[in-house]
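The structure appears below as structure tokens.
In UniProt numbering, the protein residues as written are 1 to 153.
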């Protein structure tokens, strides 16, 4: 399966379900083992590089490339959530409550899939190693304006 096929499969699945959150896409995301994501693997020395691969009225699909030691700020997610898969490297997910207190840490290795929405936690993704990491992210609904929180870090 390539990214276009994955996009179409996700879209059909979303249309056929009455579920609001996209956590139910786990098995579809798990089955993606393509290599076409590598064309979006673009390193930016200043910040992680978030490239929109495809979008429609239901969701956005991004490939994010994380250079050595890059991390996101603590942030929120769209109403229906974000499901993601690690394609290369290793990320650390730091989960925060809405008072910005650290409540959990997960190690995310290749092929690890995760889901987050604002009812679960806010989070930050962190490439704390001297290597490149690449991740696939599905956000629903699309065109979400992320809020970033100042954690003095």
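All C-beta atoms in this analysis are idealised placements derived from N, C-alpha and C, irrespective of residue type, glycine included.
Just curious, the alpha helix (DSSP H) that residue i is in, first and last residue?
i	result
residue 4	3-15
residue 26	26-30
Cβ of residue i within 8 Å of Cβ of residue j?
i	j	result
residue 104	residue 133	no
residue 111	residue 85	yes
residue 81	residue 135	no
residue 156	residue 53	Any question about residue 156 goes unanswered here, given that the chain covers just 1 to 153.
residue 87	residue 126	no
Relative to the alpha-carbon of residue i, which residue among the options has its alpha-carbon at the smallest distance?
i	options	result
residue 8	56, 115, 34 and 106	56
residue 38	73, 102, 20 and 2	2
residue 27	115, 45, 47 and 146	115
residue 60	118, 42 and 83	83
residue 29	62, 42 and 77	62
residue 64	75, 6 and 50	50
residue 36	146, 120, 5 and 69	5
Looking at the secondary structure, which residues open and close the beta strand (DSSP E) in which residue i lies?
i	result
residue 124	122-126
residue 94	91-96
residue 137	133-139
residue 60	60-66
Does the Cβ of residue i have 16 or more other Cβ atoms within 10 Å, making it buried, or fewer, making it exposed?
i	result
residue 155	Because the chain here runs from 1 to 153, residue 155 falls outside it and cannot be looked at.
residue 47	exposed
So, for residue i: in the same chain, excluding its five sequence neighbours on each side, which residues have a beta-carbon less than 7 Å away from its beta-carbon?
i	result
residue 25	10, 13, 83 and 138
Sorted by chain position, which residues of the same chain lie with C-beta nearer than 6 Å to residue i's C-beta, five sequence neighbours on each side aside?
i	result
residue 73	148
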